[in-house]
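Heads up: the sequence shown begins at 21 in this note's numbering, then just goes up one per residue.
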Amino acid sequence: MPLETAQVGFNGLLQYSDTVGADPSAVAGLADIDTARDVNVTISVDKTEVTDRRSQFKRYCPSMIEVEVTATLTYNTASKAFIQKCLDRDVMTIAALHSTGSEGLYFTGQCFQSDIAQPLTDGMTISLSFCPVRQTGTGAGGAPVWA
């Protein structure tokens with residue numbers, strides 16, 4: 021029986037662009053954030069209770085979808101401008117891909133959390149969390165897409 025291969029691991033390439041568009045996966049000029057590591061994508065669906073008196077059991081239906089991308093960056097001169105954009109709460113296109121040129125999640129988002137650590141053994145690191153944001157007007161960003 022032939023061995024089947026499976027995709028293991030997640031390189032977790034984090035990219036961003038100052039440009040936002042209706043289709044986040046079509047935004048040109050995404051730049052790699054080379055110092056990003058431990059890139060994680062969380063997609064969870066809320067549930068809404070729809071129980072009525074016809075059953076003794078609670079029943080639910082799917083509701084809103086929550087998307088969050090977290091990453092840890094090592095601070096250096098290359099990541100300084102991106103970190104400043106996060107601190108300024110700039111809206112940007114975020115992409116969390118498996119590796120260069122592969123599939124991943126794209127969305128118009130903003131940094132919602134940042135933690136700075138200064139360990140003795142490594143350089144300063146910054147943990148960041150990104151979530152989609154609502155945009156309106158010309159060139160408004162679109163909903164998260166997997167492309």
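The beta carbon of each residue, even a glycine, is placed where N, CA and C say it ideally should be.
Source: prediction; values computed, not measured.
Please list, in chain order, all residues of the same chain as residue i whose beta carbon is under 6 Å from its beta carbon, the five residues on each side excluded.
{"i": "R79", "result": "V70, T71"}
{"i": "W166", "result": "L125"}
Three-state secondary structure (DSSP) at residue i?
{"i": "A167", "result": "coil"}
{"i": "P152", "result": "strand"}
{"i": "P139", "result": "coil"}
By the 10 Å Cβ neighbour count, where 16 or more other Cβ atoms means buried, how is residue i classified, buried or exposed?
{"i": "I63", "result": "exposed"}
{"i": "P152", "result": "buried"}
{"i": "Q130", "result": "buried"}
{"i": "T68", "result": "exposed"}
Skipping 5 residues on each side, what residues in its chain have a beta carbon closer than 7 Å to that of residue i?
{"i": "G13", "result": "Past the boundaries of the shown model lies residue 13; the chain is included only from 21 to 167, so the question cannot be answered."}
Between residue i and residue j, is the Cβ-Cβ spacing less than 9 Å?
{"i": "T128", "j": "G32", "result": "no"}
{"i": "I136", "j": "F102", "result": "no"}
{"i": "P164", "j": "V59", "result": "no"}
{"i": "A7", "j": "A91", "result": "Because the chain spans 21 through 167 in this model, residue 7 falls outside it and cannot be assessed."}
Apart from the five residues on each side of it in sequence, which residues of its chain come closer than 8 Å, Cβ to Cβ, to residue i?
{"i": "R109", "result": "Q130, C131"}
Following the continuous alpha helix (DSSP H) through residue i, name the residue where it begins and the one where it ends.
{"i": "P99", "result": "Just to set this straight, residue 99 is Ser in the shown sequence, not Pro. Taken as a continuous stretch (DSSP letters only), the alpha helix (DSSP H) holding S99 covers 97-107."}
Starting from residue i, follow the beta strand (DSSP E) in both directions and report where the run begins and ends.
{"i": "S37", "result": "33-37"}
{"i": "K67", "result": "56-69"}
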